[in-house]
Structures are given as structure tokens and as C-alpha cells.
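A.B. asks: Numbering (the working numbering), first residue to last: 104 to 623. Glycine is no exception: its CB is placed at the ideal position from the N, C-alpha and C atoms. Just so we're clear, the structure is a prediction, and the values are computed from it rather than from any experiment. Here's a structure for you.
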Amino acid sequence: MTGGMAFFLILISFGGGTALGAYVRRRLDESRMESAEQVVERLLENAKKDAESIRKEADLQAKDTVLKAKADWEGEARQLRQELQGQEKRLIQREENLDRKYLALESRDKEIHQLEKELARQQEALQQREADLDKAAREQKERLEKISGMTSEEARQFLIKGMESQARHDAARRIKQIEDEARENADKKAKEILSLAIQRYAGDYVAEKTVSVVPLPSDEMKGRIIGREGRNIRAIEAAAGIDLIIDDTPEAVIISGFNPVRREVARLALEKLVTDGRIHPARIEEIVQKAEDDVNQSIRESGEQATFDVGVHGIHAEVVKLIGRLKYRTSYGQNILKHSLEVAFLCGVMAAELGINIKQAKRAGLLHDLGKAVDHEVEGSHAMIGADLARKYGESAEIVHAIAAHHEEEKPSTILAVLVQAADALSGARPGARREMLETYVKRLEELEKIGTSFEGVESCYAIQAGREIRVMVSSDKVNDAHAHVLAREIAQKIEEEMTYPGQIKVNVIRETRAVGYAK
Numbered sequence: 104m105t106g107g108m109a110f111f112l113i114l115i116s117f118g119g120g121t122a123l124g125a126y127v128r129r130r131l132d133e134s135r136m137e138s139a140e141q142v143v144e145r146l147l148e149n150a151k152k153d154a155e156s157i158r159k160e161a162d163l164q165a166k167d168t169v170l171k172a173k174a175d176w177e178g179e180a181r182q183l184r185q186e187l188q189g190q191e192k193r194l195i196q197r198e199e200n201l202d203r204k205y206l207a208l209e210s211r212d213k214e215i216h217q218l219e220k221e222l223a224r225q226q227e228a229l230q231q232r233e234a235d236l237d238k239a240a241r242e243q244k245e246r247l248e249k250i251s252g253m254t255s256e257e258a259r260q261f262l263i264k265g266m267e268s269q270a271r272h273d274a275a276r277r278i279k280q281i282e283d284e285a286r287e288n289a290d291k292k293a294k295e296i297l298s299l300a301i302q303r304y305a306g307d308y309v310a311e312k313t314v315s316v317v318p319l320p321s322d323e324m325k326g327r328i329i330g331r332e333g334r335n336i337r338a339i340e341a342a343a344g345i346d347l348i349i350d351d352t353p354e355a356v357i358i359s360g361f362n363p364v365r366r367e368v369a370r371l372a373l374e375k376l377v378t379d380g381r382i383h384p385a386r387i388e389e390i391v392q393k394a395e396d397d398v399n400q401s402i403r404e405s406g407e408q409a410t411f412d413v414g415v416h417g418i419h420a421e422v423v424k425l426i427g428r429l430k431y432r433t434s435y436g437q438n439i440l441k442h443s444l445e446v447a448f449l450c451g452v453m454a455a456e457l458g459i460n461i462k463q464a465k466r467a468g469l470l471h472d473l474g475k476a477v478d479h480e481v482e483g484s485h486a487m488i489g490a491d492l493a494r495k496y497g498e499s500a501e502i503v504h505a506i507a508a509h510h511e512e513e514k515p516s517t518i519l520a521v522l523v524q525a526a527d528a529l530s531g532a533r534p535g536a537r538r539e540m541l542e543t544y545v546k547r548l549e550e551l552e553k554i555g556t557s558f559e560g561v562e563s564c565y566a567i568q569a570g571r572e573i574r575v576m577v578s579s580d581k582v583n584d585a586h587a588h589v590l591a592r593e594i595a596q597k598i599e600e601e602m603t604y605p606g607q608i609k610v611n612v613i614r615e616t617r618a619v620g621y622a623k
């Protein structure tokens, strides 16, 4: 059809003509319409083909989607089915466990039920047994009451009293045993410490004096000492504060005085006057003043030497002077400075054994009799005077308390105070430490025996061990064992209140029971 149209176009271009042109145009129009219909038909066919193709593809895709969804659903269903199967197995297993527990509980319940029945049976048997025992006890009680003639309450009280008495007896015996063991151990340890202290220290003995003797080159010197109308002797006595005794003693003058410092000053002054030969009141006053200076210097040096020997430092200068003054003070024949040094060393030895401060113990021992340096000038006991002086010059509270408590003016509350007290008693009581005049000694023994026999029930009393122990014989029918201990404490307390004595006195109360029988 395309070639025809081309042919007609050629004819038109060459032939022309109106009719022919019209005809040709008409044919051309018809031909165009036919071509358009064919195109449309062809397009419709193509569209149908495309639509069919698209429909087929869509069907395929839909089938694929359905198949894929079906596969996914089947997988999920399979997994869910597996999970359900696992849960079902666990539930079945749990159910089996519950069944087993249920069976066990049923078995346990049956056992418990049987045990309850057995317990009820045993309880009934026990109640019956208890009733039988109660009946037997009542019958036995009635028989015992008939036999003993006492009611049950009376018997109970009787048994309680017997048990109480036995318990008290056992307790008293046990307490006595414990006290004896403690006393034995304590005495043993104390004796070890004291014996060690005594072994490690030996003090000097200095005799107590109230007079001093000055040797003279000849009896002619006595007249020069007396002087014209006694003016020289009066000058010496007034300057030195002593008594000068000039008697028939050959080539000697006796200086008498209770103050050892004044007596020492007078002795030195008189020796210098005798050596110098110039004896008159003016010279006497000059020599006495020089002697006082020499004695004061000696006191300071003695105090310093004592602190050096003991090894204590930092003591006030006034306290050092007071320590030096103890060189001229005695008690029962014992020099107080020597005694203080001895107590200091004993305190140090015992402190080392007990593990306490050695220097502090020595310091307290050295200062314990400080009050004796001025006790003739100040009112009060030497222990309290010494404590006041120590406090005044800056000593510690422990030292002050140890000084005040070494003679029980204060109750010892520290180990240091007890230590000083023990060392002081040990120094004064050791053999050879102190001595007394015969009259004083005999009088003290008589007072001890008199105090011992002043108590009721005492048959006789004897002072032994140089007055350090008294033995009191008591009547066994008036004084029992318990009262013997009380009597010993009462006698000791009365001795402490009424007597003055060195060291300590042991009171030993002896009670003896004698049973006498005669065979006829």
C-alpha cells in the first residue's frame, strides 16, 4: 500500500487535473483511514499481547510470593511446633515429678500418721507410768512420814539445812585453801624479792648518840674552857645552843644536845678553840660562826653526794640541803641519811624485779624521810611534813603520795607507795639496823605482853624475837578458832594505836584443845 500511494502521488505530480486530483485525494484519505484502523488494530493487538504478558508475569510473581509466604509460614509453623513439643515434654516431666512428690508426700503422711499413733500410745503409757509413780511416791511419803515422825515440809527443811551447812563447810574449806595457796605464793614471791634486795645491798650501822666527846690535851684545858667565873663555857653554850659537861672524865669534855647539827657545830668549834688556844667570848663567837659555815657546806655536799650515789637528778636545791641535814639525824641508832640511801637502793632493786620505773622508785626512797630534817621545827608527823615539802618544791604527785603513805598516814594506793613502805620496813627491821637502850627495850616488851593479856580469854602472852613477835595463849573453852583470828587482828590494832616501835610486830594467837581420859 505504500508503493501505490507513491504511485498516485507521482501521477498527480505529472498529470495533474482537478478531477483526478480530487479522486486521488479521496483515495488518499480512504487509504489513510484504512491505515489508521490497521494501526489501531495493531496497537490493540500489541496492547492485548502486552497486557497478557503483564498478566502472566503478575501471575508468576503472585505465585512466587504465595510460594515464598507459604514456605516462610511453614518454617515458622515448624519452629513453633518444635517449641510446643519441647514445652509439652517439660510439662510432662514436671507432671511426672509432681506425681512422684505427691506419692512421697502420701508415704510421709502415712508415716507421720503412724508416728502420731505411736506417740499417743507412748504418751498414754507415760501418763499411766507417771500416775503409778505418783501413787508410789505418795505411799512412800506416807510410810516415811510414819517412820520418821516428820511431815514432808519438815523433812525438806531438814535436808535443806543439812545441804546448806555442808555447802558452807565446803565453801569455807575451799576459800581457806585458795587463801592459803595465794598467801603461800605471794609470800614466796615477796621473800624472793626481799632476799634478793638484801643480798644486793648491805648498809652501814651508825649508833645513835645524844652526846659528843671532845678530847683535850690535858686537864688544864678544862679550866681555860670554863673561864673566869664560867664566862667562856656560858659563851660556848649560848653561841652553839648546847650543854657543855665538864666532869671528872680525864682529858675529855662532853657536849650534850638533842639537835645533832648544833652538837656538831659545837664539837668543831671546841676542837678549833682547843687547838688555837685562844679562848675568850669574842673568839668563841667567831669560831662558832665559822663552824656553822663549815657544817652547812658539809650538809650541802652530803646532799649532793647522796643524790649522785642514788642517780637521781633535778631535785630542788633546798631539798638537797634537807637531805644533807639527815646526816646528823638518827632514829633508834640508825642514821637517817644512811637509812634513806638504803631505802632508795632497796626500792631500786625491787622495782627492777617488779618491772616498774627504777629511777622514780629510788627518788621516792631517798625522799621518804625528808620530813625528819625539820620535824623538830614543824608540827605534825614527819611523813606528812615530808610530803608537804616535796609538794612545795615541785615533786610529782606519785612521789608525794609515796612519802605521805609510808607510815599509813595516807592509805597506799599505788605500787610505788607500797614499795617504799616495804623498803622502809625492811631497812629498819634488818639485823643490826637499829638498837635501843636496855630500859626502853625492856619497857617495850612489857607493854607488848600487857596489851596481849588485856583481852578476855587470854591465858598468857610472851614477847619473843626481840619484841618482833608475841605469842598469845588462849583458853580453848572461851575462844574458838574463828574468834582466834578476830583476836589476833584486835591485838595487832591495839598495838598500832598504843605503841611506837620500829618495823613490824607479828601477833601469833595459839589455841590448843587437850582431851584427857583415865583408864580405871
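(1) CA-CA distance, Phe448 and Val415?
(2) Select from Val364, Gln190, Glu332 the residue whose C-alpha is nearest the C-alpha of Ala343.
(3) How many Å lie between Leu425 and Glu404 at the Cα?
(4) What ranges does the beta strand (DSSP E) occupy inside the stretch 305-359, keeping only unbroken runs of at least 3 residues that lie completely in it?
(5) Looking at the unbroken alpha helix (DSSP H) that takes in Glu601, where does it start and where does it end?
(6) Have a look at Arg370, Lys375, Glu323, Glu340 and flag the residue whose alpha-carbon is nearest the alpha-carbon of Asp351.
(7) DSSP on Ile506, reduced to helix/strand/coil?
(8) Pull up the distance between the alpha-carbon of Gly489 and that of His510, whole angstroms please.
(9) Does the stretch 475-485 come close enough to the stretch 453-461 that 3 or more CB-CB pairs lie under 8 Å?
(10) Taking only heavy atoms of the ligand GDP into account, decide whether any of them is closer than 8 Å to the Cβ of Arg203.
(11) Could you please give the first and the last residue of the uninterrupted beta strand (DSSP E) stretch that includes Lys609?
(12) What are the boundary residues of the alpha helix (DSSP H) that includes Val446?
(13) To the nearest whole angstrom, what separates the beta carbons of Ala476 and Arg428, a pair I think is in contact under 8 Å?
(14) Would you mind giving the Cβ-Cβ distance between His485 and Gly474, rounded to the nearest angstrom? I have them listed as a contact below 8 Å.
(15) Reducing DSSP to helix, strand and coil, say where Val577 ends up.
(16) Distance, Cα to Cα, Ile328 vs Ile349?
(17) Using DSSP's beta-bridge definition, name the partner residues of Thr556.
(18) So, is Ser557 buried or exposed, given that buried needs 16 or more other C-beta atoms within 10 angstroms?
(19) Are Leu371 and Ile339 closer than 9 Å when you measure CB to CB?
(20) In the DSSP output, which residue or residues are listed as bridge partners for Ile567?
(21) Measure the alpha-carbon distance for Ser578 versus Asp584 and round it to whole angstroms.
(22) Assuming His419 is part of the alpha helix (DSSP H), what are its boundary residues?
(23) With a threshold of 16 other CB atoms inside 10 Å of the CB of Gln463, please say whether the residue is buried or exposed.
(24) May I have the straight-line CA-CA distance separating Glu219 from Leu229, to the nearest angstrom?
(25) Taking its Cβ as the centre, do 16 or more other Cβ atoms sit within 10 Å of Val53, making it buried, or is it exposed?
(26) Among Asp580, Leu590, Gln607, which has the Cα closest to the Cα of Gly570?
(27) Given that a residue counts as buried once 16 or more other Cβ atoms are within 10 Å of its Cβ, and exposed if not, what is Leu247?
(28) Which one or two residues does DSSP pair with Ser268 in a beta bridge?
(29) Is His588 buried or exposed, if buried means 16 or more other CB atoms sit within 10 Å of its CB?
(30) Where does Glu227 sit, in a helix, a strand or coil, going by DSSP?
(31) Could you tell me which residues DSSP puts in a beta bridge with Val561?
(32) Count the other C-beta atoms from every protein chain shown that fall within 10 angstroms of the C-beta of Ile195, then say buried if there are 16 or more, exposed otherwise.
(33) What residue range does the alpha helix (DSSP H) around Lys465 cover?
(34) On the DSSP letters alone, give me the boundaries of the alpha helix (DSSP H) that Asn362 sits inside.
(35) Measuring CB to CB, does Ala394 end up less than 9 Å from Ala369?
C.D. replies: A quick look at the data gives this:
(1) Your numbering for residue 448 matches position 345 in the sequence shown. Your numbering for residue 415 matches position 312 in the sequence shown. Whole-angstrom Cα-Cα distance: 11 Å.
(2) Here the question's residue 343 lines up with position 240 in the sequence shown. Comparing Cα positions, the closest option is Val364.
(3) In the sequence shown, the residue the question calls residue 425 occupies position 322. In the sequence shown, the residue the question calls residue 404 occupies position 301. Distance between the alpha carbons of Leu425 and Glu404: 11 Å.
(4) Correct list: 314-318, 346-348, 355-359.
(5) Residue 601 sits at position 498 when you count from the first residue of the sequence shown. Counting along the chain, Glu601 sits inside the alpha helix (DSSP H) bounded by residues 584-601.
(6) The residue labelled residue 351 in the question sits at position 248 within the sequence shown. Checking every option, the nearest Cα to that of Asp351 belongs to Glu323.
(7) Here residue 506 refers to the residue found at position 403 when the sequence shown is read from its first residue. Ile506: helix per DSSP, three-state reduction.
(8) Translated into positions along the sequence shown, residue 489 becomes position 386. Translated into positions along the sequence shown, residue 510 becomes position 407. If I take the Cα positions, the gap works out to 12 Å.
(9) Taking a cut-off of 8 Å for Cβ pairs, the stretch 453-461 and the stretch 475-485 do not touch, as fewer than three such pairs fall below it.
(10) Of ligands this structure carries none, so the ligand GDP is not represented either.
(11) As a position in the sequence shown, residue 609 is number 506, starting the count at 1. Looking at the DSSP string, the run of the beta strand (DSSP E) that includes Lys609 is 609-614.
(12) Against the sequence shown, residue 446 aligns to sequence position 343. Annotation: the continuous alpha helix (DSSP H) that includes Val446 extends over 439-457.
(13) On the sequence shown, position 373 is the one that residue 476 refers to. On the sequence shown, position 325 is the one that residue 428 refers to. Distance from Ala476 to Arg428 at the Cβ level is roughly 4 Å; contact confirmed, criterion being Cβ atoms closer than 8 Å.
(14) As a first step, residue 485 is located in the sequence shown; it is residue number 382 there, counting from the start. As a first step, residue 474 is located in the sequence shown; it is residue number 371 there, counting from the start. Going by Cβ atoms, the distance from His485 to Gly474 rounds to 4 Å, so yes, they are a contact pair.
(15) Here residue 577 corresponds to residue number 474 of the sequence shown, with the count starting at 1. Strand.
(16) Numbered from 1 along the sequence shown, position 225 holds the residue referred to as residue 328. Numbered from 1 along the sequence shown, position 246 holds the residue referred to as residue 349. Going by the C-alpha atoms only, they are around 9 Å apart.
(17) Residue numbering aside, residue 556 sits at position 453 when the sequence shown is read from its first letter. The secondary-structure analysis by DSSP pairs Thr556 with nothing; it has no beta-bridge partner.
(18) On the sequence shown, residue 557 is found 454 positions in, with the first residue counted as 1. By the Cβ-count criterion, Ser557 is exposed, with fewer than 16 other Cβ atoms from all chains shown falling within 10 Å of its own Cβ.
(19) For the purposes of this step, residue 371 is taken as residue 268 along the sequence shown, with counting starting at 1. For the purposes of this step, residue 339 is taken as residue 236 along the sequence shown, with counting starting at 1. Cβ distance not < 9 Å, so Leu371 and Ile339 don't count as in contact.
(20) If you number the sequence shown from 1, residue 567 lands on position 464. The bridge partners DSSP lists for Ile567 are Glu572.
(21) Taking the first residue of the sequence shown as 1, we reach residue 578 at position 475. Taking the first residue of the sequence shown as 1, we reach residue 584 at position 481. Ser578 and Asp584 have their C-alpha atoms some 11 Å from each other.
(22) On the sequence shown, position 316 is the one that residue 419 refers to. From DSSP, His419 is part of no alpha helix (DSSP H); its letter is neither H nor E.
(23) Translated into the one-based positions of the sequence shown, residue 463 becomes position 360. Buried, by the Cβ-count rule.
(24) If you number the sequence shown from 1, residue 219 lands on position 116. If you number the sequence shown from 1, residue 229 lands on position 126. Counting only the Cα atoms, Leu229 lies some 15 Å from Glu219.
(25) As displayed, the chain neither begins before 104 nor continues past 623, which places residue 53 out of reach and without an answer.
(26) Looking up residue 570 in the sequence shown gives position 467. Selected option, being the one with the closest Cα: Gln607.
(27) Position 144 of the sequence shown, counted from the start, is the residue given in the question as residue 247. Around the beta carbon of Leu247, fewer than 16 other beta carbons lie within 10 angstroms, which makes this residue exposed.
(28) Walking along the sequence shown from the start, residue 268 turns up at place 165. Per DSSP, Ser268 has no beta-bridge partner at all.
(29) As a working mapping, residue 588 is identified with position 485 in the sequence shown. Exposed: under 16 other Cβ atoms inside 10 Å.
(30) Taking the first residue of the sequence shown as 1, we reach residue 227 at position 124. Taken through DSSP and simplified to helix, strand or coil, Glu227 comes out as helix.
(31) Here the question's residue 561 lines up with position 458 in the sequence shown. According to DSSP, which records beta bridges pairwise, Val561 is partnered with Val577.
(32) For this step, residue 195 is matched to residue 92 along the sequence shown. By the 10 Å Cβ count, Ile195 comes out exposed.
(33) Looking up residue 465 in the sequence shown gives position 362. Segment 461-470, the alpha helix (DSSP H) holding Lys465.
(34) In the sequence shown, residue 362 corresponds to position 259, counting from 1. Segment: none, Asn362 is in no alpha helix (DSSP H) and carries neither H nor E.
(35) The residue you call residue 394 lines up with position 291 of the sequence shown. The residue you call residue 369 lines up with position 266 of the sequence shown. Their beta carbons are under 9 Å apart, which means Ala394 touches Ala369 by this criterion.
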